[in-house]
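Undergrad: Right, I'll just put the structure down here and ask away after.
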Ligand SMILES: [Mg+2]
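In our numbering, the protein residues as written are 47 to 479.
Structure follows, in structure tokens:
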């Protein structure tokens, strides 16, 4: 914890859904749900209009449909999310050289490394507001919520308090006043299982957590987690903002244009990635104990699973064996579009710190067979030879219905075509860089 509120956490609001509403003018102000379009799919992001009906991330598509049947259910367009995220990260890097992205829609910024006259509350508040305005400007209207505080933990907690399109600055010295009444699950790493264990021990709030001895917490939750929680309950968090994430872990991941469904193929890809991770570790002279796999499902739900070995390794075969076992516990029947393997050298219990989101396509030499592709997924970009650009409104029984509009047009007309109409094509963005 620093003596100044100099760590900023920025979180884009309902990011995937917001990008869809920007690019599909007819959906602005309406409930939009990204993910959950397939029979087994889950919701990735719901717009705030859909959240009012009780729809939230990780809910099954079936339940989301029951709660909000009139929502637009879209399959998601990762290229658009990634391009918009890049613009936002660029804005953050203009402010400070120390930016640590956590995912496409979230990052920490170290304001102490920015060129500011001072780090007084009034100054950083002004910087935060200017940053939010700049993000809205470069993204064509996507809003962000910002938290500014003396540590990563508090900045992240603060950015949750005034969503959407808001900001909270925690003045140094007031951290514990803010934390004490909060429930323990605001602490990153406290998921349902840990919450439940704490609840059974009578611990619901951070004030209650603060009253428990470190020995007791270690007994309840294990060494690393117990010690970490004991510190965070006191707002003690000294983690620096790390721009170069490769320093913390070595990982390799690949994104695939078509959803992978073949288990054997996925295991083969993981094995290959694990070998590459092992080779890089040996080259760097490092080793690590924690092996993590990252799997992004067809609906953009991103899962990660970790396993910690009794001793450090840099052996590709060992990493591969653990990675395949971890994959075995995941339900991937809906299809997978990203796979990754990483090894962390630190006993770091914050899993989200293991991966950067920028290392895609590192193993593009792997030949991935074409799995069958849904030709006209809802929400996908299309182009018609005469009508121009639009998006798939719906399809079935050999018919595709398209709404012709883009971010730069007013709400556009809807037309239907035969699914095999030669004038209708999927639209892909021009190659990046
Ligand atoms: Mg967000």
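Glycine is no exception: its CB is placed at the ideal position from the N, C-alpha and C atoms.
#1: If residue 164 sits next to residue 142, beta carbons under 8 Å apart, how far is it from one beta carbon to the other, in whole angstroms?
#2: Within 10 Å of its beta-carbon, does residue 357 have 16 or more other beta-carbons around it, so buried, or fewer, so exposed?
#3: So is the beta-carbon of residue 57 under 6 Å away from any non-hydrogen atom of ligand 1?
#4: Does residue 469 pass the burial test, meaning 16 or more other C-beta atoms within 10 Å, or should it be called exposed?
#5: Ligand 1 heavy atoms versus the CB of residue 151: any closer than 6 Å?
#6: Return yes when the C-beta of residue 61 is under 6 Å from any heavy atom of ligand 1, and no when it is not.
#7: Strictly by DSSP, which residues pair up with residue 429?
#8: Below 8 Å, can you find three or more Cβ-Cβ pairs linking the region 225-235 to the region 203-215?
#9: If I follow the unbroken beta strand (DSSP E) through residue 457, where does it start and stop?
#10: Going by the beta-carbon positions, is the gap between residue 338 and residue 268 smaller than 7 Å?
#11: Classify residue 282: buried if its beta carbon has 16 or more other beta carbons within 10 angstroms, exposed otherwise.
#12: Among 318, 285, 243, 136, which has the Cα closest to the Cα of residue 47?
#13: Residue 167 lies in the alpha helix (DSSP H); which residues open and close that run?
#14: Closer than 8 Å is the cut-off here; do at least three beta carbon pairs connect the region 237-254 with the region 110-118?
#15: For residue 148 and residue 174, what's the separation of their Cα atoms in angstroms?
#16: Is the number of C-beta pairs between the region 448-455 and the region 430-437 that are closer than 8 Å three or more?
#17: Quick check on residue 67: buried or exposed, where buried means 16 or more other Cβ atoms within 10 Å of its Cβ?
#18: With contact counted as at least three CB pairs below 8 Å, one residue from each stretch, are the region 61-78 and the region 212-221 in contact?
#19: Any chance you could list the beta strand (DSSP E) runs of at least 3 consecutive residues sitting entirely within the region 58-144, in chain order?
#20: Kindly give me the distance between the Cβ atoms of residue 345 and residue 81, rounded to whole angstroms, as I take these residues to be in contact under 8 Å.
#21: If you compare alpha carbons, which of 95, 187, 194 is closest to residue 131?
#22: Within the chosen definition, does the region 309-318 reach the region 360-373 through at least 3 CB pairs nearer than 8 Å?
#23: Take the Cβ of residue 118 as the centre, count every other Cβ of all protein chains shown within 10 Å, and call the residue buried at 16 or more, exposed below.
#24: Can you tell me whether DSSP reads residue 202 as helix, strand or coil?
#25: Three-state secondary structure (DSSP) at residue 48?
#26: In the DSSP output, which residue or residues are listed as bridge partners for residue 42?
#27: Applying the 10 Å Cβ sphere with the 16-neighbour rule, what's the burial state of residue 55?
TA: Answer, in terms of the structure:
#1: Taking the first residue of the chain shown as position 1, residue 164 is located at position 118. Taking the first residue of the chain shown as position 1, residue 142 is located at position 96. With a Cβ gap of about 15 Å, residue 164 and residue 142 do not count as contacting.
#2: Position 311 of the chain shown, counting from 1, holds the residue named residue 357. By the neighbour-count rule (16 or more Cβ atoms within 10 Å), residue 357 is not buried but exposed.
#3: Residue 57 sits at position 11 when you count from the first residue of the chain shown. Indeed, a heavy atom of ligand 1 lies less than 6 Å from the Cβ.
#4: Locating residue 469 in the chain shown gives position 423, where the first residue counts as 1. So residue 469 ends up on the exposed side.
#5: Within the chain shown, the letter at position 105 stands for residue 151. For residue 151, the distance from the CB to the nearest heavy atom of ligand 1 is below 6 Å.
#6: On the chain shown, residue 61 is found 15 positions in, with the first residue counted as 1. Yes, ligand 1 has a heavy atom inside 6 Å of this Cβ.
#7: As a first step, residue 429 must be located in the chain shown, where it is residue number 383. Checking the DSSP bridge columns, you'll see residue 429 partnered with 435, 471.
#8: yes
#9: Indexing the chain shown from 1 puts residue 457 at position 411. No beta strand (DSSP E) contains residue 457, which DSSP labels as neither H nor E.
#10: As a working mapping, residue 338 is identified with position 292 in the chain shown. As a working mapping, residue 268 is identified with position 222 in the chain shown. In this structure, residue 268 does not lie closer than 7 Å to residue 338 by Cβ.
#11: Start at 1 with the first residue of the chain shown, and residue 282 comes out as number 236. Under this definition residue 282 is an exposed residue.
#12: Looking up residue 47 in the chain shown gives position 1. That would be 285, whose Cα lies nearest to the Cα of residue 47.
#13: In the chain shown, the residue the question calls residue 167 occupies position 121. Per DSSP, residue 167 is one residue of the alpha helix (DSSP H) stretching across 167-184.
#14: no
#15: Residue 148 sits at position 102 when you count from the first residue of the chain shown. Residue 174 sits at position 128 when you count from the first residue of the chain shown. Distance between the alpha carbons of residue 148 and residue 174 is about 18 Å.
#16: yes
#17: If you number the chain shown from 1, residue 67 lands on position 21. Its Cβ being crowded by 16 or more others within 10 Å, residue 67 is buried.
#18: Counting Cβ pairs under 8 Å, fewer than three are found: no touch.
#19: 78-81, 89-92, 118-120
#20: For the purposes of this step, residue 345 is taken as residue 299 along the chain shown, with counting starting at 1. For the purposes of this step, residue 81 is taken as residue 35 along the chain shown, with counting starting at 1. Sure, about 4 Å apart at Cβ, within 8 Å.
#21: Here residue 131 is taken as the residue at index 85 of the chain shown, counted from 1. With distances taken between Cα atoms, residue 131 lies closest to 187.
#22: yes
#23: If you number the chain shown from 1, residue 118 lands on position 72. Here residue 118 is buried: its Cβ has 16 or more other Cβ atoms, across all protein chains shown, within 10 Å.
#24: Translated into the one-based positions of the chain shown, residue 202 becomes position 156. Three-state result, residue 202: helix.
#25: Translated into positions along the chain shown, residue 48 becomes position 2. Residue 48: coil per DSSP, three-state reduction.
#26: Beyond the ends of the chain as shown, which are 47 and 479, falls residue 42; an answer cannot be given.
#27: For the purposes of this step, residue 55 is identified with residue 9 of the chain shown, where counting begins at 1. Buried, by the Cβ-count rule.
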